[in-house]
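Per our numbering, the very first residue in the sequence shown carries number 391; after that it's consecutive.
Note that the Cβ used here is the ideal one computed from N, Cα and C, for glycine as well.
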Amino acid sequence: MLSSEVSQLQHFSMAMYNTRTRSVSFLSDIFLMVGSSMVAFLTIWALWSFLTPNVKQTTPAFSAQLYPSVSCANYVSGPDLRHDPADQSFYDDPTLNYAIDSPPIKNWDEKRMEWLKQHPTLAAGAKSRILMVTGRHDIEIFYNNVLLQPKMFSFWAKTPTIKAAMLAHPEAEWIWWVDSDAAITDMDFKLPLERYKNHNFVLHGWLKLIYETKSWTSINAGVFLIRNCQWSMDFMDVWASMGPQSPQYDKWGETLSNLFKDKIFRESDDQSGLVYLLLKEKEKWGDKIYVEDEYYFQGYWVEILGTFENITDKYKQIEKDSPLLRRRHAERVSEAYATVWEEYLKGAGYGRGSWRRPFITHFTGCQPCSGNHNEMYSAQTCVDAMQKALLFADNQVLRNYGFVHLDLLDPSAVNPLPFDYPA
Ligand SMILES: *[C@@H]1O[C@H](CO)[C@@H](O)[C@H](O)[C@H]1NC(C)=O
Numbered sequence: 391m392l393s394s395e396v397s398q399l400q401h402f403s404m405a406m407y408n409t410r411t412r413s414v415s416f417l418s419d420i421f422l423m424v425g426s427s428m429v430a431f432l433t434i435w436a437l438w439s440f441l442t443p444n445v446k447q448t449t450p451a452f453s454a455q456l457y458p459s460v461s462c463a464n465y466v467s468g469p470d471l472r473h474d475p476a477d478q479s480f481y482d483d484p485t486l487n488y489a490i491d492s493p494p495i496k497n498w499d500e501k502r503m504e505w506l507k508q509h510p511t512l513a514a515g516a517k518s519r520i521l522m523v524t525g526r527h528d529i530e531i532f533y534n535n536v537l538l539q540p541k542m543f544s545f546w547a548k549t550p551t552i553k554a555a556m557l558a559h560p561e562a563e564w565i566w567w568v569d570s571d572a573a574i575t576d577m578d579f580k581l582p583l584e585r586y587k588n589h590n591f592v593l594h595g596w597l598k599l600i601y602e603t604k605s606w607t608s609i610n611a612g613v614f615l616i617r618n619c620q621w622s623m624d625f626m627d628v629w630a631s632m633g634p635q636s637p638q639y640d641k642w643g644e645t646l647s648n649l650f651k652d653k654i655f656r657e658s659d660d661q662s663g664l665v666y667l668l669l670k671e672k673e674k675w676g677d678k679i680y681v682e683d684e685y686y687f688q689g690y691w692v693e694i695l696g697t698f699e700n701i702t703d704k705y706k707q708i709e710k711d712s713p714l715l716r717r718r719h720a721e722r723v724s725e726a727y728a729t730v731w732e733e734y735l736k737g738a739g740y741g742r743g744s745w746r747r748p749f750i751t752h753f754t755g756c757q758p759c760s761g762n763h764n765e766m767y768s769a770q771t772c773v774d775a776m777q778k779a780l781l782f783a784d785n786q787v788l789r790n791y792g793f794v795h796l797d798l799l800d801p802s803a804v805n806p807l808p809f810d811y812p813a
């Protein structure tokens with residue numbers, strides 16, 4: 391699922407997961423940005439070190455803003471990404487064409503300077519800013535495909551990896567585990583961290599299925615947020631003690647199989663273990679675990695796939711009605727437009743049955759990395775479904791680059807977007 395460029399970057403890869411990877415591989419052909427792990431690493435370092443001294447000072451001191459609350463949402467200051475002034479710029483020129491084989495761009499330096507003048511917070515430090523193409527969302531990535539505990543295979547590989555990531559990233563408040571078969575399919579969506587401010591662990595699931603049905607699939611352990619704190623360290627030790635490296639592994643397999651009647655294999659697994667802790671050690675852990683079911687924190691691809699077409703139509707109709715949303719803009723100010731989109735998405739709902747883009751589409755059962763897909767689907771069904779989801783997401787990124795995939799099953803074909811599309 392990960393492109394060859396990304397695998398070359400190995401542990402230091404800062405490229406985005408799944409859909410982002412697609413953007414990286416496509417765009418790096420154009421910009422020749424990502425060269426080696428060292429380049430990527432230095433790029434991030436350079437970006438960080440150059441941006442940091444130039445941040446807009448909204449709170450008096452770094453240390454004071456570091457822990458104003460447990461939420462890290464207010465922590466990042468810097469360029470104003472939520473504002474695009476109405477002043478005319480080269481983006482408003484109807485003859486502007488993004489394609490390489492269109493008439494050459496003229497006076498680019500002046501146009502670019504003009505745009506920077508209109509965006510002073512982005513102009514600050516522009517001289518030394520290096521771009522690495524990663525798509526949307528300001529999220530750093532730790533890409534790892536090594537078992538940090540050799541016995542903790544497959545779904546058990548999470549806890550060792552997360553622990554290491556927590557120690558390696560004391561600057562990060564949250565670690566976000568995303569299975570390699572999950573794709574972000576709404577590039578505008580932001581995790582509602584404020585909602586989780588009193589919790590340390592967030593995952594998708596259904597309370598009724600946990601506490602009444604006692605099903606091992608009442609939650610999905612393939613995507614979760616875990617706070618970088620002592621609670622999590624403790625929790626992961628307990629959770630990991632059910633794993634294959636533990637002398638208790640066989641005993642846990644029995645315990646979990648006895649408790650969950652719908653469990654389909656005898657071995658202890660991390661997901662059942664998690665439901666066990668919710669059920670049996672609720673007082674100890676439960677009040678810090680947030681079970682999210684109000685949006686697609688992760689969603690089952692079979693349920694989601696058929697909705698892409700109608701969702702695309704709905705979004706297109708909204709763009710037809712809104713000249714502001716059709717306006718071309720720099721990728722860096724997309725967040726401002728995401729806020730405008732929200733106005734139009736009020737009636738869309740969230741999750742199942744809604745026409746909002748699903749946040750994360752999870753290809754549970756397709757197992758693209760091992761190739762051992764669930765017998766319920768054919769390999770081709772999985773491949774086509776993943777292709778569609780990835781291009782659905784890619785289109786949201788590509789729009790800012792002036793292109794679109796018209797056919798979600800044909801990754802190699804892109805078309806330029808006409809000015810003022812889709813008026
Ligand atoms: C898509 O929209 C059409 C027309 O409104 C509707 O008939 C159809 O059921 C919708 N499809 C899905 C999968 O929701």
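Legend entry - Burial state of S658 (16 or more Cβ within 10 Å): buried
Legend entry - Close Cβ partners of V804 (< 7 Å) along its chain, the five nearest in sequence each way excluded: L788, F793, V794, H795
Inset, instruction - On a CA-only basis, which of M623, T729, R747, A572 is nearest P550? Give me that one, please. - result: M623
Inset, instruction - Report yes or no: do the region 690–701 and the region 745–754 share at least 3 C-beta pairs separated by less than 8 Å? - result: yes
Inset, instruction - Write down every uninterrupted run of the alpha helix (DSSP H) in the region 538–624 whose length is 4 residues or greater and which is fully enclosed by it, in chain order. - result: 548–558
Inset, instruction - Take R656 and list the residues in its own chain whose beta-carbon comes closer than 8 Å to its own, dropping the five residues that flank it on each side. - result: G643, E644, S647
Legend entry - beta strand (DSSP E) segment containing Y680, residue limits: 679–682
Inset, instruction - Buried or exposed for F543, please, with buried defined as at least 16 other CB atoms from any protein chain shown within 10 angstroms of its CB. - result: exposed
Legend entry - Backbone CA spacing between Y734 and K670 [nearest angstrom]: 43 Å
Legend entry - Nonlocal neighbours in the same chain, by C-beta distance under 6 Å from R718, ignoring five residues either side: Y481
Inset, instruction - Would you mind sorting E561 into buried or exposed? The rule is 16 or more other CB atoms within 10 Å of its CB. - result: exposed
Inset, instruction - Put N805 into one of helix, strand or coil per three-state DSSP. - result: strand
Inset, instruction - Quick one: using the 10 Å Cβ neighbour count with 16 as the cut-off for buried, is G633 buried or exposed? - result: buried
Legend entry - Cβ-based burial, T729 [other Cβ within 10 Å; buried from 16]: exposed
Legend entry - F625 beta carbon less than 8 Å from that of Y680: no
Inset, instruction - Can you have a look at G696 and say buried or exposed, based on whether 16 or more other CB atoms are within 10 angstroms of its CB? - result: exposed
Inset, instruction - Would you give the residue range spanned by the alpha helix (DSSP H) that T511 belongs to? - result: 510–513
Inset, instruction - Tell me whether G696 counts as near ligand 1, meaning its Cβ is closer than 7 Å to at least one heavy atom of that ligand. - result: yes
Inset, instruction - On a CA-only basis, which of Q635, P469, C619 is nearest A516? Give me that one, please. - result: P469
Inset, instruction - Enumerate in chain order the residues of its own chain whose CB-to-CB distance from L355 is below 7 Å, with the five nearest sequence positions on each side excluded. - result: One cannot answer for residue 355 here, as it falls past the ends of the chain, which runs 391 to 813.
Inset, instruction - Closer than 6 Å by C-beta to A775: which residues in its own chain qualify, once you throw out the five before and the five after it? Chain order, please. - result: W691, L695
Inset, instruction - Could you spell out where the beta strand (DSSP E) holding I708 opens and where it closes? - result: It is not in any beta strand (DSSP E) - I708 instead sits in the alpha helix (DSSP H) that spans 698–711.
Legend entry - Assumed close pair I565, A572 - CB separation to whole angstroms, cut-off 8 Å: Going by Cβ atoms, the distance from I565 to A572 rounds to 15 Å, so no, they are not a contact pair.
Legend entry - T645 - containing alpha helix (DSSP H), residue span: 639–649
Legend entry - Rounded separation between T448 and K507 - CA only: At T448, the pLDDT of 32 sits below 50, so the modelled position is not reliable; the number obtained from the coordinates is stated separately. So the alpha carbons of these two residues sit roughly 21 Å apart.
Legend entry - First and last residue of the uninterrupted beta strand (DSSP E) at T751: 750–752
Legend entry - Residues of its chain near N610, where Cβ-Cβ distance is below 6 Å and the 5 sequence neighbours each way are ignored: H594, Q688
Inset, instruction - Evaluate M577 with the Cβ neighbour count: other Cβ atoms within 10 Å of its Cβ, from every protein chain shown; 16 or more gives buried, anything less gives exposed. - result: buried
Legend entry - Environment of E682 [buried if 16+ CB atoms lie within 10 Å]: buried
Legend entry - CB contact flag (L597, S605, <8 Å): no
Legend entry - Residues that Y690 bridges to, as DSSP identifies them: H752
Legend entry - Exposure of Q558, with buried meaning 16 or more beta-carbon neighbours within 10 Å: The question names Gln, but residue 558 in the sequence shown is Ala. Burial call: exposed.
Inset, instruction - Return the residue from the list W731, K736, Q777, T575 that minimises the CA-CA distance to A783. - result: T575
Inset, instruction - Grab me the residues of K706's own chain with a C-beta within less than 7 Å of its C-beta, minus the 5 sequence neighbours each way, in chain order. - result: P812
Inset, instruction - Quick one: measure Cβ to Cβ for V726 and L512, integer angstroms, because I've assumed they're closer than 8 Å. - result: Looking at the sequence itself, residue 726 is Ala, so the reference to Val does not match. Incorrect: roughly 12 Å between the Cβ atoms, too far for contact.
Inset, instruction - Report yes if the CB atom of R716 is closer than 8 Å to the CB atom of D810, and no otherwise. - result: yes
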